[in-house]
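As given, the protein sequences belong to chains C and R, one line each in that order.
Heads up: the first sequence begins at 65 in my numbering, then just goes up one per residue.
Heads up: the second sequence begins at 113 in my numbering, then just goes up one per residue.
Where is the CB? At the ideal position from N, CA and C, for every residue including glycine.
For reference, the structure is listed below as C-alpha cells.
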Amino acid sequence: NAGVTQTPKFQVLKTGQSMTLQCAQDMNHNSMYWYRQDPGMGLRLIYYSASEGTTDKGEVPNGYNVSRLNKREFSLRLESAAPSQTSVYFCASSERRLAGGRGTGELFFGEGSRLTVL
Amino acid sequence: GQSLEQPSEVTAVEGAIVQINCTYQTSGFYGLSWYQQHDGGAPTFLSYNGLDGLEETGRFSSFLSRSDSYGYLLLQELQMKDSASYFCAVRLPALSSGSARQLTFGSGTQLTVLP
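And the structure:
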C-alpha cells in the first residue's frame with residue numbers, strides 16, 4: 065500500500081525555469097492538498113482540491129498552479145521558478161467528511177519533494 | 113488571518129513527561145490536530161480534538177479548551193524515538209458545502225529527548 069507518492073524527490077532549477085511536481089494517492093480519498101515547508105515556518109497551504117474537478121487557493125498560492133487530473137492525481141506547477149520558492153513541498157490527501165460524520169480529517173502526507181531554485 | 117502559537121523548542125529526559133502547548137486565533141474553528149515529523153520525513157497524524165476535553169492514544173494525550181482557544185499535547189514515558197517536531201493544526205470549517213476543510217499549521221515544536 066503506497067499511500068501518497070510524490071515525484072520527483074529532489075530537483076534543482078534555475079530561476080525562470082518551469083516544472084511540475086506530481087502527486088498520486090491510492091487510498092480513494094476525495095481531498096488533496098499541496099503544502100510547502102520552510103525552516104521555522106511550519107507547513108503552509110498552497111492549493112487544495114475538495115474533489116475531482118475543483119481546486120481552491122490556500123494561504124500562499126502566488127507563483128503556483130495546480131491541476132486535479134483525476135481522483136488519484138494532483139499536480140503542482142511552477143511556471144517561472146524563483147529563489148523564494150526553494151522549499152520542501154508536501155502533497156497530502158484526506159477523506160471527505162460524510163454528512164453527519166465527525167471524522168478526524170487526518171491528512172496523509174507524501175515523503176516530500178525538495179526543490180532548490182538557484 | 114490565522115495564528116497558532118507553540119513553543120519552538122522543548123527538551124526533556126527519557127522516561128519523563130512533557131507538555132507542548134498550542135494557542136490559536138483563527139477565523140473559524142472545527143478542531144485541533146497534532147502531527148509528528150521526524151527530521152527529513154513526512155508529517156504523521158497523532159491525534160484530533162473536535163470537542164473539549166482529553167483524548168488519549170497510548171503514551172500520547174491531547175487536550176482542547178475551545179473557550180480558551182488552547183490545547184496541548186502530552187507525551188508520557190518519553191523515549192529517544194520521540195525526538196521530533198510536533199505541530200498543532202487547526203481544522204477550519206469548509207468555505208462551502210462542496211469545499212474541503214483546510215488545515216492550518218503552527219510553526220512546530222522541536223522536542224529533544226536526552227538519555
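Three-state class that DSSP yields for residue i in the structure shown
i, result
"residue 145 of chain R", "strand"
"residue 131 of chain R", "strand"
"residue 162 of chain C", "Residue placement at residue 162 of chain C cannot be trusted, given a pLDDT of 45 that sits under 50; the coordinates are not used to answer."
"residue 81 of chain C", "coil"
"residue 96 of chain C", "strand"
"residue 101 of chain C", "strand"
"residue 148 of chain C", "helix"
DSSP beta-bridge partners of residue i
i, result
"residue 120 of chain C", "C/112"
"residue 73 of chain R", "This structure leaves residue 73 of chain R out entirely; chain R is present only between 113 and 227."
"residue 121 of chain R", "R/222"
"residue 71 of chain C", "C/86"
"residue 165 of chain R", "R/176"
"residue 156 of chain C", "C/97 and C/173"
"residue 140 of chain C", "C/85 and C/130"
"residue 171 of chain R", "Partner(s): none; residue 171 of chain R has no beta bridge."
CB contact flag (residue i, residue j, <9 Å)
i, j, result
"residue 131 of chain R", "residue 196 of chain R", "no"
"residue 95 of chain C", "residue 115 of chain C", "yes"
"residue 104 of chain C", "residue 90 of chain C", "no"
"residue 97 of chain C", "residue 151 of chain C", "no"
"residue 107 of chain C", "residue 201 of chain R", "yes"
According to a CB-to-CB cut-off of less than 9 Å, which residues of the segment 128-151 of chain R neighbour chain C? Legend: CB atoms of the segment 128-151 of chain R lying less than 9 Å from CB atoms of chain C belong to residues 142, 143, 145, 147 and 149.
To be precise: take each residue of the segment 109-136 of chain C, compare its Cβ to all Cβ atoms of chain R, and keep it if any distance is under 8 Å. Which residues remain? So the close ones are 109, 112, 113, 114, 115, 118, 120, 122 and 123.
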